[in-house]
Structures are given as C-alpha cells and as structure tokens.
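Quick notes on the structure that follows.
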Amino acid sequence: MFKPPEFKQLIAETQNTSSSDVERALTAARPTIHDLAALISTAGEAYLPQMARRSTEITLARFGRTTQLYAPIYLSNYCTNRCVYCGFSADNLIKRKCLTIDEAEKEAMILHNRGFQHILLVSGEAESAVDVEYMEAIALRLRDKFAAISIEIQPMSEEHYHRLFLAGITAVAVYQETYDRKMYKEVHLSGKKSDFDYRLETPARGAKAGMREVGIGPLLGLSDWRAEGLAIGYHLDWLRKEFWQTAFTVSFPRMRPAAGEFEPLHIVSEKNLSQLIFALRIFDQDVGLLVSTREEARYRDGMLGLGPTRYSAGSCTAPGGYGSNNTDGEQFSVGDHRSLEEVSTMIRNKGFDPVCKDWDKEFQVKSL
Ligand code: SF4
Numbered sequence: 004m005f006k007p008p009e010f011k012q013l014i015a016e017t018q019n020t021s022s023s024d025v026e027r028a029l030t031a032a033r034p035t036i037h038d039l040a041a042l043i044s045t046a047g048e049a050y051l052p053q054m055a056r057r058s059t060e061i062t063l064a065r066f067g068r069t070t071q072l073y074a075p076i077y078l079s080n081y082c083t084n085r086c087v088y089c090g091f092s093a094d095n096l097i098k099r100k101c102l103t104i105d106e107a108e109k110e111a112m113i114l115h116n117r118g119f120q121h122i123l124l125v126s127g128e129a130e131s132a133v134d135v136e137y138m139e140a141i142a143l144r145l146r147d148k149f150a151a152i153s154i155e156i157q158p159m160s161e162e163h164y165h166r167l168f169l170a171g172i173t174a175v176a177v178y179q180e181t182y183d184r185k186m187y188k189e190v191h192l193s194g195k196k197s198d199f200d201y202r203l204e205t206p207a208r209g210a211k212a213g214m215r216e217v218g219i220g221p222l223l224g225l226s227d228w229r230a231e232g233l234a235i236g237y238h239l240d241w242l243r244k245e246f247w248q249t250a251f252t253v254s255f256p257r258m259r260p261a262a263g264e265f266e267p268l269h270i271v272s273e274k275n276l277s278q279l280i281f282a283l284r285i286f287d288q289d290v291g292l293l294v295s296t297r298e299e300a301r302y303r304d305g306m307l308g309l310g311p312t313r314y315s316a317g318s319c320t321a322p323g324g325y326g327s328n329n330t331d332g333e334q335f336s337v338g339d340h341r342s343l344e345e346v347s348t349m350i351r352n353k354g355f356d357p358v359c360k361d362w363d364k365e366f367q368v369k370s371l
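In terms of the numbering used here, the sequence shown opens at residue 4 and continues consecutively.
Below, the structure is given as structure tokens:
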C-alpha cells in the first residue's frame with residue numbers, strides 16, 4: 004500500500020532546497036523525487052523560464068505536437084458526502100438529478116455529434132443513484148460509439164472496476180483532493196469520502212482491475228500546493244513501480260466558484276500552477292497532464308505545448324446540461340466556455356494537432 008510521507012515532511016522537503024538543487028534537477032537525465040522537490044520549491048520560482056523550456060522539449064519529444072480533447076458528462080449530482088468545497092455537497096440546497104440510461108445516452112450522443120470521441124462520465128458519490136449496474140449499463144450502451152470512456156465517480160472495489168472495464172470503461176480518475184491528512188479531515192465532514200486511506204488506495208485498485216489509464220490529482224487550494232505536488236510525485240512514482248502496464252495522468256484542478264461559496268484556503272496563482280505542471284513534466288516524462296475548462300481560455304492557450312497533453316472542451320458540469328442548456332445544479336462554473344470546434348481551431352492556429360481519438364475499443368477487446 005502506498006504511504007505518503009507526513010505532510011509536514013513534504014513541506015520541509017520543498018523548503019530545504021537551493022538554487023544549485025534546481026539547476027541539477029533541470030539537467031538530470033532521470034530526475035528523482037528530490038529533484039521534483041527542488042523544481043516546485045520557492046528556489047525553483049527563479050527558474051521558471053528554464054523549466055518551461057525543458058518541459059516544452061520533453062513534451063514535444065514524448066507527445067509530438069498533439070493535444071488530446073475530451074468532454075465530461077455529468078450523470079448525477081446526488082452525493083452523500085459533505086465536502087465543504089463542493090457544489091454537490093449533501094448540505095447544499097441545489098436541484099438534484101440523476102440521468103436515466105436513456106438520458107445519459109442522449110447527452111453522450113450530443114457530444115458524439117459535436118465530434119467528441121473521448122468522454123469522461125462524472126457523478127457525485129451516492130451509490131443509491133449511481134452504482135456498478137448503472138455504470139455498466141451506460142458503458143455497454145456507449146462503448147461502440149466512443150473510442151475512450153473514462154469515469155470519475157465514487158471509489159469502487161477492484162471487482163467492480165473490473166466489471167466496468169469489461170463493459171468498456173477505459174480509465175478511472177480519482178483525486179485525493181489533499182494529501183494533508185489533517186486538512187482532509189477538516190474539509191470532508193462526513194460520508195464515505197472521509198476515509199482518507201480508502202481513497203488513497205483507489206488508484207491502485209483501478210490499475211489492478213486492468214484499467215488502461217488511471218488519473219490522480221490534488222484539488223489545489225486546500226493546502227500547501229508545493230507539498231501537494233510533491234505528494235503527487237511520490238504517489239506517481241509508487242504507482243509506476245507497482246503497475247508498469249498502466250498509463251497515468253495527473254490533473255491540477257484549482258478551486259472554482261461553486262454552491263456553498265467556499266473560499267480557497269491557499270491561493271494558487273497561475274504562475275504557481277505553471278511551475279507545478281513544468282515540474283511534474285520534467286519529473287515524469289510520460290505522464291499525461293490535464294488542464295480542464297476550470298482554467299480560463301487565456302491560460303489554457305498560453306500553456307499549449309508547454310507541458311499539458313490533454314484539454315477538456317465545451318464542458319457543462321450539470322447533469323443533463325448539454326441537452327437542456329441549463330447549468331442549474333452544476334458542480335462548479337467553468338472558466339473556458341469555448342466549444343470543441345473553437346478549442347480545436349485555437350490548437351491548429353498555434354501549430355498543434357487537436358486529437359479526439361488516441362485509443363480504439365478494438366485494442367481493449369484484444370487486451371482482455
Ligand atoms: S467532491 Fe465529490 S464526494 Fe465531495 S461533495 Fe462533491 S461530488 Fe460529493
């Protein structure tokens with residue numbers, strides 16, 4: 004089982020670094036976790052242009068000029084957890100909805116007709132609304148229509164993940180939110196999610212179940228972002244050693260306005276976010292790095308090719324929002340409202356290739 008260092012130790016590791024540590028990290032052939040600590044440290048801030056250059060070189064060498072595109076489909080906003088930062092928290096008086104299988108298919112087909120080949124099925128964490136049978140039924144309905152279907156729902160057992168993999172789900176994303184145990188307890192007031200360790204073990208269960216790709220990430224704004232970034236490095240390093248067949252991605256969601264109006268406890272600026280992305284890219288050359296529509300168009304355009312490899316586009320975070328054009332009951336408000344076509348045009352105009360399909364269900368059938 005993965006055991007991250009104590010959070011205060013992670014903070015100390017990012018503080019005990021100097022300019023020479025950063026310079027060594029920038030030229031290391033195989034950067035270590037200590038190099039990552041140097042790159043995301045305060046000392047690293049002075050080297051942001053060099054980090055951006057190194058990160059760009061690696062991204063170009065490993066991923067070419069491609070940027071993958073996907074869109075989320077919110078299936079349900081029912082949730083039994085009380086996470087103080089989230090619009091779906093059980094405490095919030097929002098309009099709740101769980102799509103029927105037919106409604107989910109309808110939403111998916113809207114995205115399909117817009118050109119999406121990769122979708123992410125998202126829901127709040129309420130097993131009474133979204134369970135393995137429900138997800139299985141949706142996956143079986145959609146598997147022939149999309150090249151890749153990822154999920155971001157409540158943590159499941161290895162057995163249930165395997166059932167979903169057999170039904171056509173290709174990837175699972177589960178974010179620890181914060182690796183700071185003390186803060187985790189303070190912001191997860193009740194519900195199954197308040198079990199820090201069970202959540203921490205979830206990416207490994209997804210990988211053991213055979214998922215092609217597993218996504219991890221912190222919710223930036225809850226605790227010290229440098230220490231969160233280092234924890235991600237430790238987690239990624241452990242996962243890579245245990246599950247060498249699995250592809251991994253990291254997301255960097257920064258808090259957005261949501262119902263409940265929780266204010267971030269730690270401000271993470273765009274400059275901080277960029278440093279974190281460059282550092283992770285230099286540390287792990289193959290990891291997929293996601294920047295969603297939480298971020299504004301200006302920022303996403305500027306980061307193209309510098310480290311991120313996957314963007315969402317044309318996103319709505321309310322169940323049924325694509326068909327109804329209604330954002331009532333959304334999880335958070337998005338920062339980039341552009342459509343797939345608009346984001347693709349921006350990518351092409353900058354000399355890159357938008358990619359809607361990087362996987363085929365045939366590969367999944369062969370890998371069973
Ligand atoms: S973060 Fe997830 S688990 Fe927590 S309230 Fe929101 S939807 Fe529910």
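Even for Gly, the Cβ is constructed at its ideal location relative to N, Cα and C.
- The beta carbon of E333 lies closer than 6 Å to those of T320 and A321 in the same chain, with the five residues before and after it left out.
- Under the three-state reduction of DSSP output, G354 falls in the coil class, being neither helix nor strand.
- Taking a contact to require three or more Cβ pairs closer than 8 Å, the region 305-324 and the region 32-52 do not qualify as touching.
- For the pair of segments examined, the region 9-16 was found not to touch the region 197-214: the number of CB pairs separated by less than 8 Å stays below three.
- Proximity of the beta carbon of K100 to the ligand SF4 is not indicated: no heavy atom of the ligand is located closer than 7 Å.
- Taking 8 Å as the cut-off, the Cβ atoms of D339 and A300 count as close.
- Within the chosen limit of 7 Å, the ligand SF4 does not reach the beta carbon of N275 with any heavy atom.
- In the structure shown, L13 falls within a helical segment according to DSSP collapsed to helix, strand and coil.
- Q18 carries a helical assignment under DSSP once its states are collapsed to helix, strand and coil.
- Annotation: the continuous alpha helix (DSSP H) that includes P52 extends over L51 to F66.
- Counting only residues of its own chain and dropping the five nearest sequence neighbours on each side, Q53 has a CB closer than 7 Å to the CB of L29.
- Residue side-chain check: C319 keeps its Cβ at 7 Å or more from all non-hydrogen atoms of the ligand SF4.
- The Cβ-Cβ distance between K195 and N328 does not fall below 8 Å.
- For the ligand SF4, no non-hydrogen atom lies closer than 7 Å to the CB of F119.
- Sorting I219, A207 and M186 by C-alpha distance to the C-alpha of P267 places M186 at the top.
- Rounded to the nearest whole angstrom, the CA to CA distance from I285 to R56 is 10 Å.
- Inclusion of G224 and R184 in the CB contact set at 8 Å is not warranted, their separation being larger than that value.
- Among the bridge pairs identified by DSSP, P221 is matched with E180.
- At least one heavy atom of the ligand SF4 sits closer than 7 Å to the Cβ of C86.
- Within the region 232-267, the complete beta strand (DSSP E) segments at least 3 residues long are 250-254, listed from N- to C-terminus.
- At least one heavy atom of the ligand SF4 is found less than 7 Å from the C-beta of F91.
- For T205, the uninterrupted alpha helix (DSSP H) segment begins and ends at T205 to K211.
- Distances from the CB of E128 to the heavy atoms of the ligand SF4 include at least one below 7 Å.
- Here the C-alpha atom of I152 lies approximately 8 Å from the C-alpha atom of L145.
- T330 sits close to G324, with the two beta carbons spaced by under 8 Å.
- A Cβ-Cβ separation of about 7 Å places S126 in contact with Y77 under the 8 Å criterion.
- Here DSSP, grouped into helix, strand and coil, assigns Q334 to coil.
- Here Q157 carries a coil assignment [DSSP, helix/strand/coil].
- Not one heavy atom of the ligand SF4 lies closer than 7 Å to the C-beta of C359.
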